[in-house]
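Each residue of the sequence shown is one higher than the last, beginning at 52 in the numbering used here.
Accompanying notes for the structure given below.
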Amino acid sequence: MKFDKIEIIDNKIEYENLLFYSFDSGSSLKIEHLMGYDAIIIDARDNDFARYIIKKIRTHYNPEFYLKPIFLINYKESKDPFLNYLHDGLVYSYDQIKDIAEVVKQIFFKTTQLDYQLIPSFEAQTMKKVLNYMYTRELRTLKPYVDLNSIIGYTFPEISVHFDDAEEAQVLEIFDWAEREGLIWPDFHERIYLCNQCSSGFLSYREVCPHCNSSNSKSEDLVHHFPCAFIGPISDFKNPIDNTLTCPKCNKGLRHIGVDYDKPSIIHHCNSCDNNFQDFFVKAKCISCTQDIEVQYLIPKSINVYKLTKKGRAAATNGFLSSGQEIEDIFGTINMATFKIMLHYELERIKANPSQKTSIAIINMENIFELYNKIGKKAEKKLLEDLVHMIRENINAADFIAFENSSTLYLGLMNADTMRAEQQLMHLSILIEKVIKTNFNGFDVKVLHKGKILHTHSKAEMQLQEITKDLFD
Ligand SMILES: [Zn+2]
Ligand SMILES: [Zn+2]
Ligand SMILES: [Zn+2]
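Spelled out as structure tokens, the structure:
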């Protein structure tokens, strides 16, 4: 039996063909030189140092780096979400490398399944990195954490790491984009308000004088003396000697609240302009840019917990299935934009003609990318053309088809109620499975579908989103 003792030589540790690098604040190694290492152990004795290295690695443009397994040693309790949620485990001694080796191998195995297609837009690129990271760590939700370092007060570590603390509001924009793309679903968590100039959430709320905007004011009770009907601030009823109250108008002493006097409300006095007033203005001063903003002009934003949709989960391994050129010009289909416009007019037609029944439907070939990866782009397009041809033969001439991407298509089915649509979809699903099985060596494609009658009380686009959500959720 071999007894293996863990040895560190020049910050390097070798274990079962895995090479670890142990990073501490004394290490001279540049991040770029970490290429050859399978995993990194950061000495987290110094929080700032550990945070810096984590950020450096996780934001690297190269997946070799940003997906690298990171472990922390000498970790001490911290509130920093980057430190707490962007590592792959804590170790207490280097002997534990035996335990984490399995984690390293798992992550490595998952990275080999990723798709590394080039992506054009900044939002998509960022989101793809996040989805890749989540896939290799088996994460399914993006959670917000309260964070003093973030200018909006919240951080979503997996994505926020890609931005400077002051740019955190951009993270919310990327979420909006990803939600529109159907990659994530929001679950409301909290509402925040941001500065309308600089998007900062660090606001100081004050009650200010409606005349001069000063917050230098004092408030006191208003007293109403019943016998003489005088109303004035309580200070006018006070004397410097004792606690008794005397009416300044009729000079009678006040006896019992509720009997001969009461306090109908509160009055505010501005020490700056000397005005009295009943209602304050509420203003929020931005601590970041010093802009003083009336609260109704702050920008409200929702902080959500985001769950990955099926499409979001698949994007790590299949890439972003953008409705590219190759599926736009398939004979017998229209593009998604036209599809939506046609549905809109169809809806207007139904409003005028309530007996008209039109259904919308979605068909998704869940695992078709396994096949596409094998057969290549050209055969993929040929297959899609054949499928459209076959679908066309089984629907009405007036019905329309649009591809969302090469695994998902939408149908507009005229003269079909929900029941009729379901029958058609069932039939089409079986046909698609059969055609693919026969033509591609028995490949078992899994076809999902959902159809629903178009109703007139919400927008066609909303209804499309609903059936999509129903299918994928
Ligand atoms: Zn004032
Ligand atoms: Zn009086
Ligand atoms: Zn501001």
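Every residue, glycine too, gets a C-beta built ideally from N, C-alpha and C.
These numbers were taken from a predicted model, which means no experiment stands behind them.
Please identify the residue among the options whose C-alpha is closest to the C-alpha of residue i.
i: His395; options: Asn424, Gly463, Phe332, Tyr167; result: Gly463
i: Ile82; options: Tyr103, Ile124, Tyr66; result: Tyr103
i: Ile317; options: Phe331, Gly304, Asn62; result: Phe331
i: Ile93; options: Lys520, Leu479, Ala152, Val142; result: Val142
i: Asn294; options: Ile285, Pro278, Tyr184; result: Ile285
i: Ile446; options: Asn424, Ile419, Thr409; result: Thr409
i: Pro278; options: Cys246, Ser255, Lys289, Asp313; result: Asp313
i: Leu479; options: Val259, Lys501, Leu223, Gly363; result: Lys501
i: Thr459; options: Ala511, Glu345, Ile518; result: Ile518
i: Leu438; options: Lys425, Asn424, Ile419, Ala449; result: Ile419
i: Ser76; options: Tyr88, Ile91, Ala101; result: Ala101
i: Val486; options: Leu435, Ile225, His320; result: Leu435
i: Phe390; options: Ser79, Leu199, Ile452, Ser323; result: Ile452
i: Ile483; options: Thr469, Met470, Gln329, Leu499; result: Leu499
i: Ser172; options: Trp228, Gln347, Ile59; result: Trp228
i: Glu67; options: Lys106, Lys107, Ile59, Ala152; result: Ala152
Kindly indicate the opening and closing residues of the alpha helix (DSSP H) around residue i.
i: Lys429; result: 419 to 445
i: Asp287; result: It is not in any alpha helix (DSSP H) - Asp287 carries neither H nor E in the DSSP assignment.
i: Tyr530; result: Residue 530 lies beyond the range of the chain shown here (52 to 524); nothing can be said about it.
i: Asp401; result: In the sequence as presented, Asp is not what sits at residue 401; that position holds Ile. Unbroken alpha helix (DSSP H) run through Ile401: 387 to 403.
i: Lys149; result: 148 to 162
i: Ser480; result: 469 to 490
i: Ile308; result: Neither: Ile308 is in no alpha helix (DSSP H) and is coded neither H nor E.
Contact defined as beta carbons within less than 8 Å: I believe residue i pairs with residue j. What is the distance between those atoms, to the nearest angstrom?
i: His531; j: Leu305; result: Past the boundaries of the shown model lies residue 531; the chain is included only from 52 to 524, so the question cannot be answered.
i: Ile203; j: Gly252; result: 4 Å
i: Arg191; j: Lys358; result: 6 Å
i: Glu431; j: Ser457; result: 6 Å
i: Tyr186; j: Leu165; result: 7 Å
i: Glu397; j: Leu505; result: 7 Å
i: Gln474; j: Cys337; result: Not a contact, Cβ separation roughly 59 Å.
i: Val155; j: Asp89; result: 6 Å
i: Asn355; j: Pro208; result: That pair is no contact at about 15 Å.
i: His182; j: Gly363; result: Sequence check: residue 182 is Leu here, not His. Between Gly363 and Leu182 the Cβ distance is about 6 Å, and since that is below 8 Å, they are a contact.
Taking the continuous beta strand (DSSP E) assigned at residue i, which residues delimit it?
i: Leu499; result: 498 to 504
i: Ile64; result: 63 to 66
i: Phe74; result: 69 to 74
i: Glu451; result: For clarity, residue 451 is Phe in the given sequence; the question names Glu instead. Here the beta strand (DSSP E) through Phe451 covers 451 to 456.
i: Asp325; result: Looking at the DSSP string, Asp325 is not in any beta strand (DSSP E), and its letter there is neither H nor E.
i: Leu273; result: 268 to 276
Please state whether DSSP places residue i in a helix, a strand or coil.
i: Ala463; result: Here the sequence assigns Gly to residue 463, which means Ala is not the residue at that position. DSSP places Gly463 in strand when its eight states are reduced to three.
i: Pro114; result: helix
i: Lys361; result: helix
i: Ile317; result: strand
i: Cys246; result: coil
i: Pro299; result: coil
i: Ile292; result: coil
i: Asp94; result: strand
i: His240; result: strand
i: Ser410; result: strand
i: Pro132; result: helix
i: Glu58; result: coil
i: Val181; result: helix
i: Lys352; result: strand
i: Val44; result: No information on residue 44 is available, as it lies outside the stretch 52 to 524 that the chain covers here.
i: Gly140; result: coil
i: Leu85; result: helix
Spell out the partners DSSP gives residue i in its beta bridges.
i: Lys334; result: Arg257, Glu345
i: Phe371; result: The partner list for Phe371 (beta bridge, DSSP) is empty, contrary to what the question assumes.
i: Val222; result: None, per the DSSP bridge assignment.
i: Met416; result: Val498
i: Tyr103; result: Partner(s): none; Tyr103 has no beta bridge.
Flag residue i as yes if its beta-carbon sits less than 8 Å from any beta-carbon of chain C, otherwise no.
i: Phe116; result: No chain C appears in the structure shown, which is made up of a single protein chain.
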